[in-house]
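Under mature numbering (1 follows the signal peptide of the UniProt record, and there is no 0), the first residue of the sequence shown carries the number 1, and numbering increases by one thereafter.
First the structure, in the form of structure tokens, and then the observations on it.
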Amino acid sequence: VRNSLISGNETIKMALTIAVGGRVWRKFFKTFPFRSNSALKRFPTCRANGRLYSTSSDVVLVRKDEESGIATVRMNNPPVNSLNPTLMVALRSCFEELEKDKTCRALILTSQKPKVFSAGLDILQLYQKSPDHVAQFWEKVQDMWLALYGSRLITMAAINGHCPAAGCLLGLACDYRIMAEGNFRIGLNETQLDLVAPFWLRQTMIDVIGYRQAEMALMIGALYPSDKALQLGLVDKLAPIEDVQTVAEEEVKNWLKIPDQARAITKMASRKPLLDELRRRKQEDIQTFRDETTRESVQKSIQQYLEKLKAKK
Ligand SMILES: CCCCC/C=C/C(=O)SCCNC(=O)CCNC(=O)[C@H](O)C(C)(C)COP(=O)(O)OP(=O)(O)OC[C@H]1O[C@@H](n2cnc3c(N)ncnc32)[C@H](O)[C@@H]1OP(=O)(O)O
1 VRNSLISGNE TIKMALTIAV GGRVWRKFFK TFPFRSNSAL KRFPTCRANG
51 RLYSTSSDVV LVRKDEESGI ATVRMNNPPV NSLNPTLMVA LRSCFEELEK
101 DKTCRALILT SQKPKVFSAG LDILQLYQKS PDHVAQFWEK VQDMWLALYG
151 SRLITMAAIN GHCPAAGCLL GLACDYRIMA EGNFRIGLNE TQLDLVAPFW
201 LRQTMIDVIG YRQAEMALMI GALYPSDKAL QLGLVDKLAP IEDVQTVAEE
251 EVKNWLKIPD QARAITKMAS RKPLLDELRR RKQEDIQTFR DETTRESVQK
301 SIQQYLEKLK AKK
């Protein structure tokens, strides 16, 4: 039913586009927005007033500017963009679709909900779940990361709020990070939950902030305020929260002056070894995560962490 509703909408959208131009259908689809959990694939892109609009889904909203080739990808999984399987699959699929789109040159990843970029992995997916569930969950984390870290596009994280754990993992997978000034925190705090960052995440942290700082940050599960994160090089620039997106767009425009091919080849030269290593060791990495996470003592720590989160209120 959902699919047929979508294709019905598509037909109307195309007819309206041809018949009366962009303004009318934009108004129409603002009133009756698309809803879908899955990929961009179902939605052929539509042109209106020189802009190219891609699809929106429940959990990931995408808008691409036709002239510049910049796509903005907004995570939209309230209340805190925790990375559950639906969001991770939607993000991966979105990254892969944009990758295939030859007119797309850059991707800005941000949150639809200011003040929280992402709360990291959905902790509930790791608590009292079967080993198989945890293994499948972890594979989705890997696949999402492989798609973003291995992207030929310019990837920019517009971190408009808190960015712990796997939120930080997403940021680290991008080429450049702009973070909101103020009382927002970023870091890989998983040791606080008794979890251990996998080799590929640890390596990206080392690559970004250097060995000593990464080693310390990972051991203590540090979460840094944005000014300290800037000082460490964990983020590249700060901006007032309301300007994060604009500053990201300006930064992308500078990057767009560099020829795409040379930039992308250079990027892959530094990222390919780690990408290849994870591809090669994927199953081993899944097993490690599954076995560690389902251990009784780790489950106890996760339970306590969840209780602390609830008690915060
Ligand atoms: C080997 C593993 C390494 C792999 C790397 C990744 C690991 C991970 O990502 S583990 C997840 C770690 N995440 C965190 O430690 C963040 C926890 N959350 C927070 O600190 C805060 O929620 C916040 C700062 C992100 C936002 O604060 P605030 O706006 O005040 O929102 P609340 O704390 O009130 O949260 C609202 C609601 O959401 C629930 N929640 C928060 N984070 C998560 C989460 N990661 N997973 C699932 N659920 C989460 C929170 O419990 C509240 O629920 P209700 O009480 O039911 O409203």
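Glycine residues also receive a C-beta, built at the ideal position from the N, C-alpha and C atoms.
| task | May I have the straight-line CA-CA distance separating Leu-201 from Leu-274, to the nearest angstrom? | result | Here residue 201 refers to the residue found at position 201 when the sequence shown is read from its first residue. Here residue 274 refers to the residue found at position 274 when the sequence shown is read from its first residue. Taking the straight line from one Cα to the other gives about 10 Å.
| request: For the segment 189-257, list the alpha helix (DSSP H) runs that are entirely contained and at least 4 residues long, ordered along the chain. | output: Listed in chain order, the complete alpha helix (DSSP H) runs (minimum 4 residues) inside the segment 189-257 are 199-209, 211-220, 226-232, 244-255.
| Proximity to Ala-173 [Cα-Cα], best of Asp-243, Val-141, Ile-123 | The count along the sequence shown starts at 1 and reaches residue 173 at position 173. Out of Asp-243, Val-141, Ile-123, Val-141 has the C-alpha closest to the C-alpha of Ala-173.
| message | Bridge partners for Ser-111 per DSSP, in chain order? | response | Residue 111 sits at position 111 when you count from the first residue of the sequence shown. DSSP output for Ser-111 lists Met-75 as bridge partner(s).
| message | Given the structure, does Pro-79 come close to ligand 1, in the sense that its CB is under 7 Å from one of the ligand's heavy atoms? | response | Position 79 of the sequence shown, counted from the first residue, corresponds to residue 79. At a threshold of 7 Å, Pro-79 counts as near ligand 1, since its beta carbon sits closer than that to one of the ligand's heavy atoms.
| Cys-94 and Val-60: beta carbons closer than 8 Å? | For the purposes of this step, residue 94 is identified with residue 94 of the sequence shown, where counting begins at 1. For the purposes of this step, residue 60 is identified with residue 60 of the sequence shown, where counting begins at 1. Contact: yes.
| message | Could you pull the DSSP bridge partners for Ala-180 from this structure? | response | Counted from its first residue, the sequence shown places residue 180 at position 180. Beta-bridge pairing links Ala-180 to Ala-239.
| field | Leu-172 Cβ short of 7 Å to ligand 1 heavy atom set | value | Taking the sequence shown and counting its residues from 1, one reaches residue 172 at position 172. In this structure, Leu-172 has its beta carbon at no less than 7 Å from each heavy atom of ligand 1.
| Who are the near neighbours of Glu-139 in its chain, counting only those whose CB is closer than 8 Å to its CB and skipping five residues on each side? | Residue 139 sits at position 139 when you count from the first residue of the sequence shown. A distance below 8 Å between beta-carbons, with the five flanking residues on each side excluded, links Glu-139 to the following residues of its chain, in chain order: Lys-282, Ile-286.
| request: Would you tell me roughly how many angstroms separate the C-alpha atoms of Ser-36 and Gln-192, rounded to the nearest one? | output: As a working note, residue 36 is residue 36 in the sequence shown. As a working note, residue 192 is residue 192 in the sequence shown. The predicted position of Ser-36 is uncertain, since its pLDDT is 32 and thus under 50; no value can be drawn from it.
| said: Between which residues of its own chain and Phe-184 is the CB-CB distance below 6 Å, once the five residues before and five after are set aside? | reply: Here residue 184 corresponds to residue number 184 of the sequence shown, with the count starting at 1. Contacts found: Gly-161, His-162, Ser-226.
| query | With respect to 7 Å, is the separation between the Cβ of Ser-82 and the closest non-hydrogen atom of ligand 1 below this value? | reply | In the sequence shown, the residue the question calls residue 82 occupies position 82. Shortest gap from the CB of Ser-82 to any heavy atom of ligand 1: under 7 Å.
| said: Tell me which residue opens and which closes the beta strand (DSSP E) that Gly-167 is part of. | reply: Taking the first residue of the sequence shown as 1, we reach residue 167 at position 167. In the DSSP annotation of this structure, Gly-167 is not part of any beta strand (DSSP E); the continuous alpha helix (DSSP H) holding it starts and ends at 166-173.
| said: So, for Leu-121: in the same chain, excluding its five sequence neighbours on each side, which residues have a beta-carbon less than 6 Å away from its beta-carbon? | reply: Taking the sequence shown and counting its residues from 1, one reaches residue 121 at position 121. If we look at Leu-121 and ignore the five residues flanking it on each side, its Cβ neighbours are Leu-83, Ala-166.
| task | May I have the straight-line CA-CA distance separating Glu-284 from Gln-128, to the nearest angstrom? | result | Within the sequence shown, numbered from 1, the residue matching residue 284 stands at position 284. Within the sequence shown, numbered from 1, the residue matching residue 128 stands at position 128. A straight-line Cα-Cα distance of about 22 Å links Glu-284 and Gln-128.
| query | Buried or exposed: which applies to Ser-297, given that a residue is buried once 16 or more other Cβ atoms fall within 10 Å of its Cβ? | reply | Here residue 297 corresponds to residue number 297 of the sequence shown, with the count starting at 1. Per the 10 Å Cβ criterion, exposed.
| message | Would Leu-153 and Glu-99 be called neighbours here (beta carbons separated by less than 8 Å)? | response | The residue labelled residue 153 in the question sits at position 153 within the sequence shown. The residue labelled residue 99 in the question sits at position 99 within the sequence shown. For the pair Leu-153 and Glu-99, the CB atoms are nearer than the 8 Å cut-off.
| said: For a test of your reading of the model: does the CB of Ala-269 fall under 7 Å from any non-hydrogen atom of ligand 1? Yes or no. | reply: As a first step, residue 269 must be located in the sequence shown, where it is residue number 269. Result no, Cβ not under 7 Å from ligand 1.
| message | Rounding to the nearest angstrom, what Cα-Cα distance links Pro-33 and Asp-58 in this structure? | response | Your numbering for residue 33 matches position 33 in the sequence shown. Your numbering for residue 58 matches position 58 in the sequence shown. With a pLDDT of 33 at Pro-33, under the threshold of 50, the modelled position of this residue cannot be trusted, and the question is left open.
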